[in-house]
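Counting from -18, one number per residue, gives the positions in the sequence shown under our numbering. Remarks on the structure that follows.
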Amino acid sequence: AAIVLRANKKNTTDDQALAAAETVLQVRNAGTNLMTVLGSGNVGIGTTSPGSFTSIVNTGSLNSFWVSDEATDASPFVIDESGNVGIGTAGPSYRTHIQGAATNGAVVALGIENPQANAAGNLNARTDLRFDLSGSGGAIIAAGKDSDFTSDPNADAFLAFFTNLNNEFALSSPQDRMRITTAGNVG
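Below you can see the structure in the form of structure tokens.
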């Protein structure tokens, strides 16, 4: 190896390895810690106490994690400050947001989100798989429960299909086109 950084501590007779929580290396900008490497091998960016092999702590409002390449795609992978993951987009709108460009120039996105959480009084909690064709419609496949999770944890479940043709309505309030109930009924 061209460069080796060795950290150890000396007792009266020999060298000893640093303990798992002891700092091997810190990179700072003035008084601001940028990166820490512990004796365990854990690396922290934005933290002096990384709890896993790689810990990234973002205390600002910018993206927490960003992977970029030098090709034409400026944002192949990002985790934003709210935890949304984007592939092909710097501004993910869903928990998992995959976006690409269609041949006609419209944006094509695949998103997974939980628009109606399991909260008291929520009679239609669900998770959506969204196919969004910006400017020309889209579709949603949703799985959920038919009643309030907090008062009825064993409520019947459903699988529903929603569509949006030529922007006749927003994907934020889609129309239920087909539903399969727990009993297997289709309607």
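Every residue, glycine too, gets a C-beta built ideally from N, C-alpha and C. Since we're looking at a predicted model, the values are computed, not measured.
Distance, Cα to Cα, residue i vs residue j?
{"i": "residue 142", "j": "residue 121", "result": "6 Å"}
{"i": "residue 165", "j": "residue 124", "result": "14 Å"}
{"i": "residue 152", "j": "residue 126", "result": "In this predicted model, residue 152 has a pLDDT of only 49, less than 50, meaning its place in the structure is not dependable enough to derive any value."}
{"i": "residue 171", "j": "residue 39", "result": "Limits of the chain in this structure are -18 at one end and 168 at the other, which puts residue 171 out of reach."}
{"i": "residue 64", "j": "residue -9", "result": "43 Å"}
{"i": "residue 111", "j": "residue 42", "result": "26 Å"}
{"i": "residue 236", "j": "residue -7", "result": "There is no way to answer for residue 236, as the model of the chain reaches only from -18 to 168."}
{"i": "residue 167", "j": "residue 45", "result": "43 Å"}
{"i": "residue 159", "j": "residue 109", "result": "14 Å"}
{"i": "residue 119", "j": "residue 93", "result": "14 Å"}
On a Cα-Cα basis, can you pick out the residue from the options that is closest to residue i?
{"i": "residue 20", "options": "30, 0 and 27", "result": "0"}
{"i": "residue -12", "options": "-6, 5 and 12", "result": "5"}
{"i": "residue 107", "options": "140, 25, 79 and 2", "result": "140"}
{"i": "residue 77", "options": "66, 36 and 71", "result": "66"}
{"i": "residue 69", "options": "119, 81 and 8", "result": "81"}
Helix, strand or coil for residue i per DSSP?
{"i": "residue 149", "result": "Any reading at residue 149 must be qualified, since the residue scores a pLDDT of 49, below 50, and its modelled position is unreliable; no value is offered."}
{"i": "residue 46", "result": "strand"}
{"i": "residue 137", "result": "coil"}
{"i": "residue 18", "result": "strand"}
{"i": "residue 36", "result": "strand"}
{"i": "residue 124", "result": "strand"}
I'd like to know if residue i contacts chain D, where contact means its C-beta is closer than 9 Å to some C-beta of that chain.
{"i": "residue 119", "result": "Within the model displayed, chain D is absent; a lone protein chain is all it includes."}
Between which two residues does the beta strand (DSSP E) containing residue i stretch?
{"i": "residue 58", "result": "58 to 60"}
{"i": "residue -8", "result": "It is not in any beta strand (DSSP E) - residue -8 carries neither H nor E in the DSSP assignment."}
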